[in-house]
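**Student:**
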Amino acid sequence: MARPNEEVEALLQEYADLVTITGGDAYKARAYEKAARAIGGHHADVSRLDLKGLLAIPGVGKSIAEKVLEYLRTGHVAMVEEARAVIPAGVRELIAIPMLGPKKAMLLYEELHISSVDQLLDAVHEHKLRDLKGFGARTEENILHGIALLQQAGGRILIDAAMDVAEQITAELSEAGGCERCAYAGSLRRMRETIGDVDILVAADSSAPLMEAFTALPVTAEVIAHGEKKTSIRTTKGLQVDLRVLPPDAWGAGLLYFTGSKAHNIRVRELAVRHKYKLSEYGLFHVKSGKKIVSATEEEIYARLGLPWIPPTLREDRGEIAAGLRDELPELVTEDDIRGDLHTHTDLTDGVAPLEAMVEAAARRGYAYYAVTDHAPNLYMQRMTDAKILAQRERVRALDGKHRRMRLLHGTELNIGPDGDLDWPDEFLAGFDLCVASVHSHFNQSRDELTRRLIRACENPHVAIIGHPTTRQIGKRPGIDADFDAVFEACARTGTALEINSHPQRLDLCDEDVLRAKRYGVKFAVSTDAHSVTHLPYMRYGVGTAQRGWLTKDDVINTWPLQKLRRFLRPGGR
DNA sequence: GCCGTTTTCGGCCCGACTGTTTTCAGTCG
Numbered sequence: 001m002a003r004p005n006e007e008v009e010a011l012l013q014e015y016a017d018l019v020t021i022t023g024g025d026a027y028k029a030r031a032y033e034k035a036a037r038a039i040g041g042h043h044a045d046v047s048r049l050d051l052k053g054l055l056a057i058p059g060v061g062k063s064i065a066e067k068v069l070e071y072l073r074t075g076h077v078a079m080v081e082e083a084r085a086v087i088p089a090g091v092r093e094l095i096a097i098p099m100l101g102p103k104k105a106m107l108l109y110e111e112l113h114i115s116s117v118d119q120l121l122d123a124v125h126e127h128k129l130r131d132l133k134g135f136g137a138r139t140e141e142n143i144l145h146g147i148a149l150l151q152q153a154g155g156r157i158l159i160d161a162a163m164d165v166a167e168q169i170t171a172e173l174s175e176a177g178g179c180e181r182c183a184y185a186g187s188l189r190r191m192r193e194t195i196g197d198v199d200i201l202v203a204a205d206s207s208a209p210l211m212e213a214f215t216a217l218p219v220t221a222e223v224i225a226h227g228e229k230k231t232s233i234r235t236t237k238g239l240q241v242d243l244r245v246l247p248p249d250a251w252g253a254g255l256l257y258f259t260g261s262k263a264h265n266i267r268v269r270e271l272a273v274r275h276k277y278k279l280s281e282y283g284l285f286h287v288k289s290g291k292k293i294v295s296a297t298e299e300e301i302y303a304r305l306g307l308p309w310i311p312p313t314l315r316e317d318r319g320e321i322a323a324g325l326r327d328e329l330p331e332l333v334t335e336d337d338i339r340g341d342l343h344t345h346t347d348l349t350d351g352v353a354p355l356e357a358m359v360e361a362a363a364r365r366g367y368a369y370y371a372v373t374d375h376a377p378n379l380y381m382q383r384m385t386d387a388k389i390l391a392q393r394e395r396v397r398a399l400d401g402k403h404r405r406m407r408l409l410h411g412t413e414l415n416i417g418p419d420g421d422l423d424w425p426d427e428f429l430a431g432f433d434l435c436v437a438s439v440h441s442h443f444n445q446s447r448d449e450l451t452r453r454l455i456r457a458c459e460n461p462h463v464a465i466i467g468h469p470t471t472r473q474i475g476k477r478p479g480i481d482a483d484f485d486a487v488f489e490a491c492a493r494t495g496t497a498l499e500i501n502s503h504p505q506r507l508d509l510c511d512e513d514v515l516r517a518k519r520y521g522v523k524f525a526v527s528t529d530a531h532s533v534t535h536l537p538y539m540r541y542g543v544g545t546a547q548r549g550w551l552t553k554d555d556v557i558n559t560w561p562l563q564k565l566r567r568f569l570r571p572g573g574r
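Residue numbers for the first sequence follow full-length UniProt numbering, so the first one is 1 and each next one is one higher.
Okay, here's the thing in structure tokens:
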């Protein structure tokens, strides 16, 4: 089962969607959305809270608290069930399509009885939509584009969802009888930004008991295939998970093979052939004699081929084999190297946790420094003012020193306006320890305008970091169309770092952009953009992306000691 | 449905863009 907070969050969000689709009170829907977010981001396990504990969560009142208790007690909520009975689940899926909101989705359902993405596709192709009020040829095009975007991920899911499932299953199987080792492999181990299915490996002498344990897991909704070497299940959330049981002495070969990527495996096998070996998921063998050479660990196999162990995040056939043969693999940045988070929010703007709670959680992560960077006034919906941000600065200064080993930085996340201008004049910006600047609007400007806009932001001496540089959201929105080579060049010239935003929905810059930017000599900040304490652990995904971009500690400014970081952040210090 | 240094009612995130309209509804961030 997923974390109870997330289950409750999903339920409340679903109810909010259903209220919106049925044309219910918009403020009621918003209240449910807000409560959903607050519970999802709440630090304590909601299933352990009583009514009083639930009411203490901001945005949760008596009505919602009681529904949460009803859900935790019975597994469902009567009011949500009633709403579900009115609206088919497929209608709710429609609003996941960019450009399609609740109103249009409901109209499609009422007028054309469309209740799935497939039915919608058929209707578009038959030009049935054009006659509907508010629809036209352009709308049809946009819907097709939106569906394409949605399906571009090819049914793949975000890395955090896959990771949760994988870690839960490996923990449970590790406890099963006869399990000598258990790990997840595949694209998840390589930290790809989206995951198709999860591969779990177990080392055991006898496979049957583990296969049985696997199919009996609470998360298993359906057994797709059930064999001696491989069993596939579908989880309650529709994710496919494959379990393979390996003989313990073939662990390394299996892990190597099932971690991939396919392209990396092909390169490694080619190398094996040149050594007159044959590599399979069972081990490294002499071609002639068929005799096994090694198979127990990845290290041994790589070593026999003249390679150091190659970190999974590099196994994409992007030159890692050649670099390994020259013994020039980068010493990749790790999560342990990260000394602080440089982009986080509080409930002063759109975060759900108060400053003190965020700082407390950061301290528990063992950070040496932590930056609070709430939104600036030009993101109008956040209603930031000079007075509010200055009052926050006072609170940050007062809190600084409360945690012996962690210093606090007071910053802001500025909005890069259409012309590249920022929310506050330079004199005001000078008062911050740190300015992150990000694009939040006007995504459809021309390539030239977008490029100039980003470069102008880099050229402001107070801007130290460009936040989520492309603004893409995986499966929802493509990145902006700027000339990023020109932007990277400007970052290198002005000493402006690029963010690797660790939120699983963003991962922005992405691995390939990181690789490209690094060649310009750009520095990076791996930050979470946390809006709740539960987002702080997203750091691992940002670090994974950094590793996939071949970054070392030196490349990442938030691995640096505070003094060196402060010098970098200072205008003119770069 | 939630909330309160405008406190038990009456507000609630504001502005821009898009595509459809012919003055605006829907969607998004």
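Glycine included, every Cβ here is placed at the ideal spot set by N, Cα and C.
Helix, strand or coil for T334? Go by DSSP, reduced to three states.
**Tutor:** The three-state reading of DSSP puts T334 in coil, since its state is none of H, G, I, E or B.
**Student:** Please work out which residues of its chain come closer than 7 angstroms, Cβ to Cβ, to A185, disregarding the five sequence neighbours upstream and downstream, and give them in chain order.
**Tutor:** D199, L201, L255, F258 and T259
**Student:** Does the distance from the CB of T470 to the CB of F488 come in under 9 angstroms?
**Tutor:** no
**Student:** Using three-state DSSP, classify G542 as helix, strand or coil.
**Tutor:** helix
**Student:** Let me check one thing: in DSSP terms, what residues is Q473 bridge-paired to?
**Tutor:** DSSP links Q473 through a beta bridge to R477.
**Student:** I'd like the list of long-range same chain contacts for A272, defined as Cβ closer than 7 angstroms, with 5 residues on each side in sequence excluded.
**Tutor:** Residues K278, L279, L284 and L305 of the same chain have their beta carbon placed closer than 7 angstroms to that of A272, with the five preceding and five following residues left out of the count.
**Student:** Note down the Cα distance separating L562 from R405, rounded to an integer number of angstroms.
**Tutor:** 11 angstroms
**Student:** For the region 435 to 446 against the region 384 to 393, do three or more pairs of beta-carbon atoms, one drawn from each stretch, fall closer than 8 angstroms, so that the two count as touching?
**Tutor:** no
**Student:** Mind checking P117: buried by the 16 CB within 10 Å criterion, or exposed?
**Tutor:** It is Val, not Pro, that sits at residue 117 in the sequence shown. That one is buried.
**Student:** Compute the Euclidean distance between the alpha carbons of L158 and Q473, then round it to the nearest angstrom.
**Tutor:** The straight-line gap from Cα to Cα measures roughly 11 angstroms.
**Student:** In terms of DSSP beta bridges, what is K292 paired with?
**Tutor:** F285
**Student:** Can the beta-carbon of residue 575 be found closer than 9 angstroms to that of M106?
**Tutor:** No answer is possible for residue 575: the residues shown for the chain start at 1 and end at 574.
**Student:** Return the CA-CA distance between L325 and L307, expressed in angstroms with no decimal places.
**Tutor:** 6 angstroms
**Student:** Classify R130: buried if its beta carbon has 16 or more other beta carbons within 10 angstroms, exposed otherwise.
**Tutor:** Exposed: under 16 other Cβ atoms inside 10 Å.
**Student:** Cutting at 7 angstroms between CB atoms, please list the residues of its own chain near A353, excluding the five before and the five after it.
**Tutor:** Answer for A353: G41, T346, D347, S532 and V533, listed in chain order.
**Student:** I need the straight-line Cα distance from D554 to T528, nearest angstrom please.
**Tutor:** 19 angstroms
**Student:** With 16 other CB atoms within 10 Å as the buried threshold, where does I224 fall?
**Tutor:** exposed
**Student:** Assign S116 to one of three DSSP states: helix, strand, or coil.
**Tutor:** coil
**Student:** Which of helix, strand or coil does DSSP assign to H125?
**Tutor:** In the structure shown, H125 sits in a helix (DSSP, three-state: H, G or I).
**Student:** Is it the case that the region 188 to 196 contacts the region 243 to 254, given that we only count it when at least three CB pairs across the two stretches are under 8 angstroms?
**Tutor:** Flag = no, the region 243 to 254 and the region 188 to 196 do not touch.
**Student:** For a test of the three-state rule: what should DSSP assign to M1, helix, strand or coil?
**Tutor:** Model confidence at M1 stands at a pLDDT of 46, short of 50, so the residue's coordinates are unreliable and nothing is read from them.
**Student:** Across which residues does DSSP place F524 in a beta bridge pair?
**Tutor:** L498 and V556
**Student:** Return the residue from the list A183, E222 and G177 that minimises the CA-CA distance to A208.
**Tutor:** G177
**Student:** Is S438 helix, strand or coil by DSSP?
**Tutor:** strand
**Student:** Heavy atom of the ligand FAD less than 8 angstroms from the Cβ of L100, yes or no?
**Tutor:** This structure lacks the ligand FAD, and indeed carries no ligand of any kind.
**Student:** Taking the Cβ atom as the reference point for each residue, do E316 and G252 lie within a distance shorter than 9 angstroms?
**Tutor:** no
**Student:** Hey, would you say E360 sits closer than 9 angstroms to M539, going by beta carbons?
**Tutor:** no
**Student:** Please report the straight-line C-alpha distance between E140 and V91, rounded to a whole angstrom.
**Tutor:** 17 angstroms
**Student:** Run the CB neighbour count on residue 609, radius 10 Å, all protein chains shown included, and call it buried at 16 or more, exposed below.
**Tutor:** No statement about residue 609 is possible, as the shown extent of the chain runs from 1 to 574 and does not include it.
**Student:** In the structure shown, what three-state DSSP assignment does S232 receive?
**Tutor:** strand
**Student:** Are three or more beta carbon pairs between the region 1 to 18 and the region 30 to 46 nearer than 8 angstroms?
**Tutor:** Here the region 1 to 18 makes contact with the region 30 to 46; the two share three or more CB pairs at distances below 8 angstroms.
**Student:** Within its chain, find whatever has a CB closer than 7 angstroms to the CB of R234; leave out the 5 residues flanking it on each side and keep chain order.
**Tutor:** A221, E222, I224 and Q240
**Student:** Is the Cβ-Cβ distance between G549 and A525 less than 9 angstroms?
**Tutor:** Against a cut-off of 9 angstroms, the Cβ pair of A525 and G549 comes out as no contact.
**Student:** Can we say the region 336 to 343 touches the region 21 to 41, given the rule of at least three CB pairs closer than 8 angstroms?
**Tutor:** no
**Student:** DSSP has E222 in a bridge; who is on the other side?
**Tutor:** R234
**Student:** Quick one: what does DSSP say G411 is sitting in, helix, strand or coil?
**Tutor:** strand
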